[in-house]
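Trainee: Pasting a structure below so you can have a look.
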Amino acid sequence: MQAGHARLKARWFKYDGRQLELLGREDTSTGHVIREIFKEKVYAPVRGLPPPRSVLDIGAHLGFASAYFRLMYPEATIFCAEPDPDSFAILSRNAERIGNCHAFNVGLFDKDTTAGFNAARISVLSSLFPFDGGRIATNAIEVRLRHAGAFAAELRERFGVPGFDLIKMDTEGAELPILAALGDLVAAAGVIHLEFHSHADRRTIDGLLCRTHRLFHGRIEQPNRGTLTYAATHLLPGA
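Structure (structure tokens):
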């Protein structure tokens, strides 16, 4: 059991004859994440595209998205970055269960630095930025941030991967600086799943990605929050 958080509960996830047992907090927040990923399928594969060989999960939380990717793409190598130390303690255990999944206790940004991190009791709301105008109770801790492009380059060299065919971002407002820091790796990704946290961010994200990708599907919870999936234009049948 993690201090300040709900007790842990093991859950089974199955798909096409494959199954994984993961640890998660026994709270409504974890239930919401599981429902989004496994029931509502916000990270559903893009039809007609080859399965990714490598996945970069930025803001991996407890590893449920990575587990979904493992069930969908059994041969992929998965890399997870998560700055929250409490969440990372669970993520690292789940990464072993997922297999061929490498977890790093670090946040990604547009520079190497340390920063105050707003660790919320509802852990999926933890962020570098105050959530909901500061109305959500948080505990400020210091976390290590890496330049996303430099971190990705180190992974490529260390593990011998040419790039990341699938990039997922759930960073509670840090998506734009991370996209900028990843540079050409974004253009080379076949699929990009990411959240947006303001109407302005959504418009900017679309402006950045529309040169190389097309919006394939998305779920809009409200005007300033949702999850989008972009697919590389050159990989889409008939594009």
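Counting along the sequence shown from 1, when you hit position 172 you're at 172 in UniProt numbering, and nothing is skipped either side. Cβ coordinates follow ideal geometry from the N, Cα and C atoms, glycine included. Please read all numbers here as calculations on a predicted model, not as lab measurements.
1. Measuring only the C-alpha atoms, how far is ILE167 from VAL55?
2. Report the three-state DSSP secondary structure of SER127 (helix, strand or coil).
3. Would the segment 39–51 count as touching the segment 138–150 if we require 3 or more Cβ pairs under 8 Å?
4. Go through the UniProt domain "Methyltransferase FkbM" (57–202) residue by residue and report every complete run of the beta strand (DSSP E) that reaches 3 residues or more, in order.
5. What is the DSSP secondary structure of ARG53, counted as helix, strand or coil?
6. Quick one: what's HIS213 bridged to in DSSP?
7. So, helix, strand or coil for LYS39, using DSSP?
8. Roughly how many whole angstroms lie between the Cα atoms of LEU62 and ARG25?
9. In this structure, what does DSSP give as the bridge partners for ILE220?
10. What are the partner residues of ALA6, as DSSP defines its beta bridges?
11. With distances taken between CB atoms, is the gap from HIS197 to GLY163 smaller than 7 Å?
12. Pick out whichever of PHE117, GLU175, PHE64 has its Cα sitting closest to the Cα of residue 240.
13. Does the contact criterion of 3 or more C-beta pairs under 8 Å hold for the segment 205–215 versus the segment 225–238?
14. If you check the beta carbons only, do LEU235 and GLY190 fall under 7 Å apart?
15. Shortest alpha-carbon distance to GLY99 belongs to which of CYS80, PHE109, GLY107?
16. Look at the alpha carbon of HIS217 and the alpha carbon of ALA188, and state the distance between them as a whole number of angstroms.
17. Please check the pair ALA67 and LEU20, which I expect to be a contact at CB under 8 Å, by giving their CB distance rounded to whole angstroms.
18. Quick test of your reading: PHE22 and ARG11, contact by CB under 8 Å. State the CB separation rounded to the nearest angstrom.
19. What residue range does the alpha helix (DSSP H) around GLY48 cover?
20. Please determine, among LEU194, ASP206, PRO74, the residue with the shortest C-alpha to C-alpha distance to ASP170.
Mentor: On the basis of the data shown:
1. Going from the Cα of ILE167 to the Cα of VAL55 covers about 6 Å.
2. Note that SER127 scores 47 on pLDDT, short of 50, meaning its location in the model is unreliable; the coordinates nonetheless yield the value given after this. Three-state DSSP puts SER127 in a strand.
3. Counting C-beta pairs with one atom in each stretch, the segment 39–51 and the segment 138–150 have fewer than three that are closer than 8 Å, which means they do not touch.
4. Counting whole runs of 3 or more residues, the UniProt domain "Methyltransferase FkbM" (57–202) contains the beta strand (DSSP E) stretches 77–81, 101–104, 107–109, 113–120, 138–147, 166–169, 191–196.
5. DSSP, read as helix, strand or coil, puts ARG53 in coil.
6. Answer is ALA232, bridged to HIS213.
7. LYS39 falls in the helix class under three-state DSSP.
8. Rounded to whole angstroms, LEU62 and ARG25 show a C-alpha spacing of 9 Å.
9. In the DSSP assignment, the residues bridged to ILE220 are GLY226.
10. Under the DSSP definition of a beta bridge, ALA6 lacks any partner.
11. The beta carbons of HIS197 and GLY163 sit no closer together than 7 Å.
12. The structure shown does not extend to residue 240, since the chain is modelled only from 1 to 239, so the question has no answer here.
13. Cβ pair count under 8 Å is three or more, so yes.
14. It is a contact, given that the beta carbons lie within the stated cut-off.
15. When only C-alpha atoms are compared, the closest one is CYS80.
16. Rounded to whole angstroms, HIS217 and ALA188 show a C-alpha spacing of 19 Å.
17. Indeed they touch by this definition, with Cβ atoms about 5 Å apart.
18. Rather than Phe, the amino acid found at residue 22 in this sequence is Leu. About 6 Å separates the two Cβ atoms, so the contact holds.
19. DSSP places GLY48 in no alpha helix (DSSP H); its state is neither H nor E.
20. The shortest C-alpha to C-alpha distance from ASP170 to any of LEU194, ASP206, PRO74 is the one to LEU194.
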